[in-house]
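Each residue of the sequence shown is one higher than the one before, counting from 5 in this note's numbering. For glycine and all other residues, C-beta sits at the position ideal for the given N, C-alpha and C.
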Amino acid sequence: MNCFALVPAAGSGARMGAATPKQYLDLLGKPLIWHTLHALSAVPEIARICVVISAGDEWWDSYDWSAFDRLQVLRCGGTSRAESVLNGLQAAEVDDADWALVHDAARPCLDPHMVSAMIAELQDDAVGGILAVPVADTLKRAGVCDRIACTESRDGLWQAQTPQMFRRGALIDAIAAYIGPDITDEASALEKQGHSPQLVMGSPWNIKVTYPQDLKLAALILHGAVVNG
Ligand code: C5P
């Protein structure tokens, strides 16, 4: 196997304010993560999709996942995203040289063609890279009582998305060495080691569902994708 997807899905989704973790919230009649897995399943280069859920997950088994033939469920989620990713990478039965494409369960609007293009761009890269989009808005730094302290330059700033694509062995080493609050994505662990992962143009549609209104936006994006083919 050369490329596999690792989907961290062990979060509680506290910012959604719902009792059900966000990966299982209803999105167009299916749990949110179903759409994420559907998109990854449509990427022919991905040989296996490993989903990391928490050991105490009460929701996963109540759904029928038989439509996804390349799925492997790993019940080893951790207390942070980085820990879930690290545990999942270690548990996945793949080679260290295989490319891991780590993708948030909470990004259900992923375009499979964009993932294929990313794999084509990075498969011979020495480090790997991530989907990201250039920052479009003007950035303000907050001062006291949310008064604006200054305007920050957005020159050269990108917003990180997922998938993030790195060799499995290298990613395990990097996360294990630097795991902590600073490691909010895979690339940041590689950066701490002195590497410069490649920025690959992502899409504004590849949103991460974090707040309740994001769920409505995701439904609109997915519905548009269905209507427009
Ligand atoms: O909370 P946030 O939106 O940053 O989570 C991003 C992804 O990481 C989600 O798919 C979530 O389920 C996952 N996660 C995890 N284990 C944690 C926390 C988050 O797998 N402990």
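C-beta atoms of residue i and residue j nearer than 7 Å
{"i": "C7", "j": "I50", "result": "yes"}
{"i": "R172", "j": "L226", "result": "no"}
{"i": "C234", "j": "L10", "result": "Outside the shown range of the chain (5 to 233) lies residue 234, about which nothing can therefore be said."}
{"i": "G121", "j": "F170", "result": "Note that residue 121 is Ala in the sequence shown here, rather than Gly. Not a contact, by the Cβ cut-off of 7 Å."}
{"i": "C113", "j": "N210", "result": "yes"}
{"i": "K212", "j": "R111", "result": "yes"}
{"i": "A13", "j": "I57", "result": "yes"}
{"i": "H39", "j": "L31", "result": "yes"}
Rounded C-alpha distance that separates residue i from residue j
{"i": "D102", "j": "G228", "result": "34 Å"}
{"i": "S157", "j": "A140", "result": "11 Å"}
{"i": "G233", "j": "R151", "result": "Model confidence at G233 stands at a pLDDT of 47, short of 50, so the residue's coordinates are unreliable and nothing is read from them."}
{"i": "A86", "j": "S16", "result": "14 Å"}
{"i": "H42", "j": "F72", "result": "8 Å"}
{"i": "Y67", "j": "L219", "result": "20 Å"}
{"i": "Q165", "j": "V47", "result": "17 Å"}
{"i": "W162", "j": "A136", "result": "6 Å"}
{"i": "S88", "j": "E195", "result": "19 Å"}
{"i": "D186", "j": "L75", "result": "30 Å"}
{"i": "H107", "j": "L221", "result": "19 Å"}
{"i": "E97", "j": "V77", "result": "11 Å"}
{"i": "Q168", "j": "A174", "result": "13 Å"}
{"i": "R52", "j": "D100", "result": "15 Å"}
{"i": "K26", "j": "T214", "result": "8 Å"}
{"i": "L44", "j": "A124", "result": "15 Å"}
{"i": "D65", "j": "A59", "result": "12 Å"}
{"i": "A178", "j": "H199", "result": "10 Å"}
Simplified DSSP assignment, three categories, for residue i
{"i": "D177", "result": "helix"}
{"i": "V204", "result": "strand"}
{"i": "G184", "result": "coil"}
{"i": "Q163", "result": "strand"}
{"i": "P116", "result": "helix"}
{"i": "Q228", "result": "The sequence given here places Gly at residue 228; Gln does not occur at that position. Residue state, collapsed to three classes: helix."}
{"i": "V131", "result": "coil"}
{"i": "G233", "result": "With a pLDDT of only 47 at G233, under the threshold of 50, the placement of this residue in the model should not be trusted, and no figure is reported."}
{"i": "I152", "result": "strand"}
{"i": "R145", "result": "strand"}
{"i": "A191", "result": "helix"}
{"i": "A124", "result": "helix"}
{"i": "Q217", "result": "helix"}
Those runs of the alpha helix (DSSP H) which lie wholly inside the stretch 48-102 and span at least 4 residues: 85-95
Within 6 Å of the ligand C5P: residues by beta-carbon to any heavy atom: P12, A13, A14, G15, Q27, V56, G81, G82, T83, S84, R85, S88, D108, A109, A110, K212, T214
Segments assigned alpha helix (DSSP H), at least 4 residues, entirely inside the stretch 8-46: 36-45
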